[in-house]
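In what follows, a single structure is set out as structure tokens and then discussed.
Residue numbers (full-length UniProt numbering): 1 to 581.
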């Protein structure tokens, strides 16, 4: 089910909260950072949410403020997140006007009455130092603030220089004490600026409510009603790009209009046809074979019914990880209280036998069946026996899809037995130690690596793409920025893992000797050169043989001539006398 639209009102402190103090530009920069990234998330992930901004410590006499309070001014009307609003926030400067957060809360509630017409989820995010003087704090009652917030069903979030949970009662200011009282009564949330900046910096998948899938699990003649809840997260997609062009008319200059793509079907003669004249077909061997709607309907499978049928059980080692096909899983739990006892009994029996169930699953009618494996999961021993509190049970089945035989051939890995046979025992043990040293501990939060916990790790590639799009939208004439350091740090190995892997890496370096080999293309080049040299050598041999043969033939001719001369010498015929004839 898609989440409900939100209407968020930001209350920023651009002035001072205590007389005789100076406004801080660093504090304002932190507030700008938080607002900028929250609005960017709204633009990318939830473009229908509305945003409003109220300024504490701003001169309200220059505008028609709906709040009616001094030094409180709304920066904009309630609107969807856009880049122009972010540019306005970036141009804000500090002032020396004073205002308390209690006054700003009343101003934000009045702003909601005028601007929030739809029945959306309403939130007030207050950013301030919470250091007002005690005589000003005493003018306000926590119960009255709580009453105003509850009347409009407003969720209250306060962001300050320090979190209230980290403050001792002795060092707590009167303003912080009043804030703590309000937050406890309205069940609000409190963060420090550092926590908030860390939370809003990276884009994460938006939280969605799970949609359960109901069916009956069949085991022979026995049936158990179950509910499946998907654990697979949907990928966050960028909004569709809208092409626009600027046109000028007599009345309006440089008006932006959306470019619409219209599909046209033409033949070789450029004749345009409508969609009704088009016959869909499949091309096989260069020949188009049309398929009618009646033929498609007859080929569609209409006999499969929604089911969840257990065909058998197999040992757990018979379903290794390489058979796990899907990138997400389902959590299977009993749907009714009456079905919980046989369900948990089946879980217990499968755990005792160390087996998994092979199930045929048809998600809904007329869909193709899939084969899945059910892995029993037990987290709290013997708690399932208490049927008085079924909502807290942690016993369940984990469903993972399995491939069919013809699909497994495409993903099967090549055997590495010949590689393992070449390794010595020391080398094999060193590789196992390296893999073990690279594993994260179960309690990663205690080692300062909360980002590696499930759901905490953002995607660096998507994050950089969003940062690039935001930079292009806000600064179209400037070059694109490089990858941010905090994005690059996501790819860095944790320090404790580096120290853990260092001795194992040295062991690997000593056991495996690397030999420098030339790339394959160089070897091919050398082979070609060798072939060329061999060809030249063969030609030289041929030429040598030819010269020798020619010399031999020449010698033979000379001998013939000498023989002829001898014949002439033996003859009495005078050759010189021919010239006188």
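From the three backbone atoms N, C-alpha and C, an ideal C-beta is built for every residue, glycine too.
Being a predicted model, the structure only gives us computed values, none of them experimental.
Cα-Cα separation, residue i to residue j
i	j	result
residue 470	residue 198	18 angstroms
residue 368	residue 362	7 angstroms
residue 11	residue 458	28 angstroms
residue 37	residue 29	12 angstroms
residue 400	residue 314	15 angstroms
residue 24	residue 13	10 angstroms
residue 371	residue 312	12 angstroms
residue 190	residue 472	33 angstroms
residue 290	residue 278	10 angstroms
residue 200	residue 490	15 angstroms
residue 292	residue 298	10 angstroms
residue 183	residue 34	21 angstroms
residue 505	residue 439	14 angstroms
residue 181	residue 142	7 angstroms
residue 151	residue 77	22 angstroms
residue 360	residue 87	55 angstroms
residue 318	residue 349	18 angstroms
residue 267	residue 286	17 angstroms
residue 358	residue 211	24 angstroms
residue 195	residue 228	35 angstroms
residue 174	residue 131	8 angstroms
residue 5	residue 163	28 angstroms
residue 516	residue 486	36 angstroms
residue 56	residue 72	5 angstroms
residue 188	residue 179	10 angstroms
residue 500	residue 510	17 angstroms
residue 389	residue 105	Note that residue 389 scores 40 on pLDDT, short of 50, meaning its location in the model is unreliable and no value can be drawn from it.
Of the listed residues the options, nearest to residue i (C-alpha basis)
i	options	result
residue 109	398, 83 and 149	149
residue 50	58, 57 and 41	41
residue 220	310, 405, 186 and 228	310
residue 70	420, 6 and 58	58
residue 332	376, 299, 320 and 314	376
residue 82	352, 46 and 72	46
residue 437	358, 502 and 255	502
residue 93	48, 439, 256 and 31	31
residue 586	378, 465, 404 and 21	It is not possible to answer for residue 586, since the shown part of the chain is limited to 1 through 581.
residue 406	348, 325 and 464	325
residue 403	357, 194 and 322	322
residue 222	461, 431, 346 and 286	346
residue 462	474, 484 and 319	484
residue 507	356, 39, 431 and 303	431
residue 213	288, 435 and 306	306
residue 98	119, 133, 530 and 316	133
residue 464	530, 435, 274 and 203	203
residue 353	22, 316, 330 and 90	316
residue 118	79, 294 and 330	79
residue 423	320, 91, 276 and 513	513
residue 329	398, 295, 276 and 351	398
residue 89	100, 474 and 337	474
is_contact[residue i, chain C] using C-beta, thresh 8 angstroms
i	result
residue 80	No chain C appears in this structure, which consists of one protein chain only.
Residue i and residue j closer than 8 angstroms at C-beta
i	j	result
residue 624	residue 15	No statement about residue 624 is possible, as the shown extent of the chain runs from 1 to 581 and does not include it.
residue 125	residue 8	yes
residue 226	residue 335	yes
residue 160	residue 115	no
residue 308	residue 217	yes
residue 102	residue 54	no
residue 156	residue 137	no
residue 242	residue 258	yes
residue 193	residue 466	no
residue 170	residue 111	no
residue 244	residue 256	yes
residue 365	residue 304	yes
residue 428	residue 420	yes
Residues sharing a beta bridge with residue i, DSSP
i	result
residue 314	356
residue 663	Here the chain has residues from 1 to 581 only, and residue 663 is not among them.
residue 13	56
residue 340	DSSP lists no partner for residue 340.
residue 217	224 and 308
residue 265	273
residue 290	281
residue 160	192
residue 258	244
residue 364	DSSP, once it has assigned bridges, lists no residue as partnering residue 364.
residue 370	361
residue 155	123
Any non-hydrogen atom of the ligand COA within 7 angstroms of residue i CB
i	result
residue 172	As for the ligand COA, it is missing from this structure, which has no ligand bound.
Just checking, does the region 337 to 344 make contact with the region 257 to 265 on the three C-beta pairs under 8 angstroms criterion? no
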